[in-house]
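Engineer: So for the sequence shown, our numbering puts the first residue at 9; every next one is plus one.
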Amino acid sequence: MVSKHEILSLMERYDKDALAITTVCSHSSLQIFDGARKEGFRTIGICIGTPPKFYDAFPKAKPDEFLIVKDYKEILSKTRELATKNAIIIPHGSFVEYLGVGNFQKLKLPTYGNRNVLEWESDRDMSRKWLEAAGIKMPRQIKNPEDIRSPMMVKYYGAKGGMGFFVVKNYSDFQKRINRTEKYTIQEFVLGTRYYMHYFYSPIKHDGYSLSKGSLELLGIDRRVESNADEIFRIGSPTELSEAGIYPTFVVTGNLPLMVRESLLPRIFEMGEMVVEKSLELFGGMIGPFCLETVVTDSLELKVFEISARIVAGTNLFISGSPYSDLVDEKLSMGRRIAREIKMANETGMLSDIIS
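This is how it looks when you write it as structure tokens:
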């Protein structure tokens with residue numbers, strides 16, 4: 009992995025008055041570019057082939073310039089060009105997935121956040137170790153598929169937007185559907201309502217919900233719309249569907265906004281706090297946006313089944329703010345919050361605290 013010393017040395021040659029917020033044209037890039045522009049930054053969009061035409065339909069979110077590559081791996085050879093443009097990379101799920109965690113860690117450009125988190129986030133065993141060490145309640149996990157005795161969710165590693173995930177009830181189901189060429193994990197399928205909490209951790213802001221270092225914000229909550237899982241039972245019972253060889257799929261196709269009952273907010277903030285504090289201890293801290301993906305049971309217990317340690321696509325709902333972010337600052341999106349953090353760090357000489 010590229011060292012922080014190398015990145016900070018590179019940044020010494022940057023024009024700090026001309027920083028350019030840069031990301032891949034996918035996932036949450038519209039709000040990242042929009043938020044950057046609102047905070048006074050230039051923007052660079054990285055794309056394959058030709059610039060996506062749909063950006064012309066959204067002029068406020070269209071990047072000031074495009075960097076065209078033939079494939080995502082070519083980004084690694086474009087670092088000098090981007091450095092001359094004072095690029096600050098903003099990671100998102102598609103960016104990391106397309107480039108690959110190993111390649112992203114080697115990217116010789118200033119990147120918002122702590123790259124050390126990628127190792128912990130991308131490996132489901134390590135992320136579970138992190139969350140459980142923080143005191144977070146998680147669905148039960150089993151190692152041996154022959155021990156499946158109740159509904160279990162099988163997930164492949166990496167940010168795949170739910171692609172390939174499936175539910176099984178026994179070992180026979182598992183054998184029929186597993187792709188053994190991919191690494192997977194098996195965890196209890198918890199009944200309840202799914203809530204995806206959008207947090208923002210700032211190591212340089214100290215007012216608000218304060219932690220041992222910095223402060224924590226809650227900027228939104230969403231629920232994901234998943235391919236056929238939300239509609240499939242309109243055409244038959246689970247038994248009838250199974251007999252017909254039809255199974256729920258969980259590919260994320262969109263998002264819906266949610267408000268949680270207010271009495272759960274103290275617990276939600278405590279969970280975010282515990283995760284951040286443990287990250288500081290384990291790998292120097294998770295910086296910026298992250299999402300705890302939870303199920304709230306009918307006994308109002310919150311169980312976290314996954315963490316995304318970066319901006320998530322569910323925040324796209326709130327480009328003009330959410331009911332939560334409006335109580336921090338009106339019309340504050342996650343993209344704008346990232347840009348504002350970079351702006352504040354730049355103005356106070358603290359870029360080294362949020363860049364790796």
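Glycine is no exception: its CB is placed at the ideal position from the N, C-alpha and C atoms. It should be emphasised that the depicted structure is a prediction, and the values quoted were computed from it without experimental measurement.
When DSSP labels each residue in this structure, what does V268 get in the three-state scheme?
Structural biologist: Within the sequence shown, numbered from 1, the residue matching residue 268 stands at position 260. It is coil, neither helix nor strand.
Engineer: Just verifying my parser: in three-state terms, what is the DSSP assignment at E73?
Structural biologist: Your numbering for residue 73 matches position 65 in the sequence shown. In the structure shown, E73 adopts extended strand secondary structure according to DSSP, grouped into three states.
Engineer: The beta strand (DSSP E) that contains A91, what's its start and end?
Structural biologist: Taking the sequence shown and counting its residues from 1, the one referred to as residue 91 is at position 83. That residue, A91, is in no beta strand (DSSP E); its alpha helix (DSSP H) goes 87 to 92.
Engineer: Specify, as a first and last residue, the run of the alpha helix (DSSP H) that F112 falls within.
Structural biologist: As a first step, residue 112 is located in the sequence shown; it is residue number 104 there, counting from the start. Here the alpha helix (DSSP H) through F112 covers 109 to 114.
Engineer: Does F277 come out as helix, strand or coil in the three-state DSSP assignment?
Structural biologist: As a working note, residue 277 is residue 269 in the sequence shown. In this structure, F277 counts as helix in the three-state DSSP scheme.
Engineer: Would M146 and V304 be called neighbours here (beta carbons separated by less than 8 Å)?
Structural biologist: In the sequence shown, counting from the first residue as 1, residue 146 sits at position 138. In the sequence shown, counting from the first residue as 1, residue 304 sits at position 296. No, the Cβ-Cβ distance between M146 and V304 is not below 8 Å.
Engineer: Which runs of the alpha helix (DSSP H), 4 residues or longer, sit entirely within the segment 117 to 148?
Structural biologist: Taking only runs of at least 4 residues, the alpha helix (DSSP H) segments lying wholly in the segment 117 to 148 are 124 to 130, 132 to 141.
Engineer: Can you list, in chain order, the stretches of the beta strand (DSSP E) that have 3 or more residues and sit fully within the segment 155 to 218?
Structural biologist: 160 to 164, 174 to 176, 192 to 196, 201 to 210
Engineer: The alpha helix (DSSP H) with E20 in it runs from where to where?
Structural biologist: Taking the sequence shown and counting its residues from 1, the one referred to as residue 20 is at position 12. Run containing E20: none; DSSP gives neither H nor E here.
Engineer: Could you have a look at A369 and say whether DSSP puts it in helix, strand or coil?
Structural biologist: Since the displayed the chain opens at 9 and closes at 364, residue 369 lies outside it and no answer follows.
Engineer: Which of helix, strand or coil does DSSP assign to G43?
Structural biologist: Within the sequence shown, residue 43 is the residue found at index 35, counting from 1. Looking at G43 - three-state DSSP - the assignment turns out to be helix.
Engineer: Work out the CA separation of L227 and I40 for me, nearest whole Å.
Structural biologist: The residue you call residue 40 lines up with position 32 of the sequence shown. The residue you call residue 227 lines up with position 219 of the sequence shown. If you take the alpha carbons of I40 and L227, they lie about 15 Å apart.
Engineer: What is the rounded straight-line gap between the Cα of R132 and the Cα of Q183?
Structural biologist: For this step, residue 132 is matched to residue 124 along the sequence shown. For this step, residue 183 is matched to residue 175 along the sequence shown. About 21 Å.
Engineer: Comparing C-alpha positions only, which one of S287, G296, V320, S341 sits nearest to L139?
Structural biologist: Within the sequence shown, residue 139 is the residue found at index 131, counting from 1. Among S287, G296, V320, S341, the Cα nearest to that of L139 belongs to S287.
Engineer: Is it buried or exposed for D42, if we count other Cβ within 10 angstroms and need 16 for buried?
Structural biologist: To locate residue 42, count along the sequence shown from 1; it is residue 34. Buried, since its Cβ has 16 or more Cβ neighbours within 10 Å.
Engineer: By Cβ distance, which residues of its chain are closer than 7 Å to A353, with the 5 residues on each side in sequence left out?
Structural biologist: Against the sequence shown, residue 353 aligns to sequence position 345. These residues qualify, in order along the chain: I212, L359, D361, I362.
Engineer: Is it buried or exposed for G110, if we count other Cβ within 10 angstroms and need 16 for buried?
Structural biologist: Locating residue 110 in the sequence shown gives position 102, counting from the first residue. Exposed, by the Cβ-count rule.
Engineer: Rounded to whole angstroms, what's the CA-CA distance from K70 to Y179? Just pull it up for me.
Structural biologist: Indexing the sequence shown from 1 puts residue 70 at position 62. Indexing the sequence shown from 1 puts residue 179 at position 171. When rounded, the distance between both Cα atoms is 49 Å.
Engineer: Given K86, which residues of its chain have a CB within under 7 Å of its CB, disregarding the five upstream and five downstream residues?
Structural biologist: Here the question's residue 86 lines up with position 78 in the sequence shown. Within the same chain, K86 has close Cβ partners L75, V77.
Engineer: Roughly how many angstroms separate the alpha carbons of G82 and L18, rounded to a whole number?
Structural biologist: As a working mapping, residue 82 is identified with position 74 in the sequence shown. As a working mapping, residue 18 is identified with position 10 in the sequence shown. Looking at the sequence provided, one finds Glu at residue 82 rather than Gly. Spanning the two alpha carbons is a distance of roughly 20 Å.
Engineer: Can you give me the start and stop residues for the beta strand (DSSP E) that E338 sits inside?
Structural biologist: The count along the sequence shown starts at 1 and reaches residue 338 at position 330. Note, E338: premise wrong, no beta strand (DSSP E); not H, not E.
Engineer: Tell me whether F66 is buried or exposed, calling it buried when 16 or more other Cβ atoms sit within 10 Å of its Cβ.
Structural biologist: As a working mapping, residue 66 is identified with position 58 in the sequence shown. Classification for F66: exposed.
Engineer: Near N94, which residues of its chain fall below 7 Å by C-beta distance, leaving aside the five closest residues on each side in sequence?
Structural biologist: In the sequence shown, counting from the first residue as 1, residue 94 sits at position 86. Within the same chain, N94 has close Cβ partners Y22, D23, A26, L27, A28.
Engineer: Using alpha carbons as the reference points, say which of D64, S37, R45, T189 lies closest to G53.
Structural biologist: Working through the sequence shown from its first residue, we reach residue 53 at position 45. Of D64, S37, R45, T189, the residue nearest in Cα terms is S37.
Engineer: Taking the alpha-carbon positions, what's the P8 to I186 distance?
Structural biologist: For the chain, the structure presents residues 9 to 364; residue 8 sits outside this window and is missing.
Engineer: CA-CA distance, N124 and L290?
Structural biologist: Mapped onto the sequence shown, residue 124 falls at position 116. Mapped onto the sequence shown, residue 290 falls at position 282. Rounded to whole angstroms, N124 to L290 spans 10 Å at the Cα level.
Engineer: What span of residues does the beta strand (DSSP E) with C299 cover, start to end?
Structural biologist: The sequence position of residue 299 within the sequence shown is 291, counting from 1. Looking at the DSSP string, the run of the beta strand (DSSP E) that includes C299 is 296 to 304.
Engineer: Whole angstroms is fine: what's the gap from T30's alpha carbon to E47's?
Structural biologist: Within the sequence shown, residue 30 is the residue found at index 22, counting from 1. Within the sequence shown, residue 47 is the residue found at index 39, counting from 1. Rounded to the nearest whole angstrom, the C-alpha separation of T30 and E47 is 14 Å.
Engineer: Grab me the residues of T119's own chain with a C-beta within less than 7 Å of its C-beta, minus the 5 sequence neighbours each way, in chain order.
Structural biologist: Position 111 of the sequence shown, counted from the first residue, corresponds to residue 119. So the list reads I97, P99, I363, S364, once near-sequence residues are dropped.
Engineer: So A95 is in the beta strand (DSSP E); what residue range does that whole segment cover?
Structural biologist: Reading the sequence shown from its first residue, position 87 is the one you call residue 95. From DSSP, the beta strand (DSSP E) with A95 extends over 95 to 97.
Engineer: May I have the straight-line CA-CA distance separating E154 from A141, to the nearest angstrom?
Structural biologist: If you number the sequence shown from 1, residue 154 lands on position 146. If you number the sequence shown from 1, residue 141 lands on position 133. For E154 and A141, the distance between alpha carbons rounds to 27 Å.
Engineer: Within 10 angstroms of the Cβ of P297, are there 16 or more other Cβ atoms? Answer buried if so, exposed if not.
Structural biologist: In the sequence shown, counting from the first residue as 1, residue 297 sits at position 289. Buried.
Engineer: For D79, collect the residues of the same chain with a Cβ closer than 8 Å to its Cβ; drop the 5 residues on either side in sequence, then sort them by chain order.
Structural biologist: For the purposes of this step, residue 79 is identified with residue 71 of the sequence shown, where counting begins at 1. Closer than 8 Å at the Cβ level, and outside the excluded window around D79, lie I56.
Engineer: Spatial neighbours of Y165 within its chain, please: CB distance less than 6 Å, with the 5 preceding and 5 following residues excluded, ordered by chain position.
Structural biologist: In the sequence shown, counting from the first residue as 1, residue 165 sits at position 157. Excluding sequence neighbours, Y165 sits near R132, K191.
Engineer: To the nearest angstrom, how far is the alpha carbon of F208 from that of R231?
Structural biologist: As a working mapping, residue 208 is identified with position 200 in the sequence shown. As a working mapping, residue 231 is identified with position 223 in the sequence shown. Rounded to the nearest angstrom, the two C-alpha atoms are 18 Å apart.
Engineer: Helix, strand or coil for N324 per DSSP?
Structural biologist: Here residue 324 corresponds to residue number 316 of the sequence shown, with the count starting at 1. N324 falls in the helix class under three-state DSSP.
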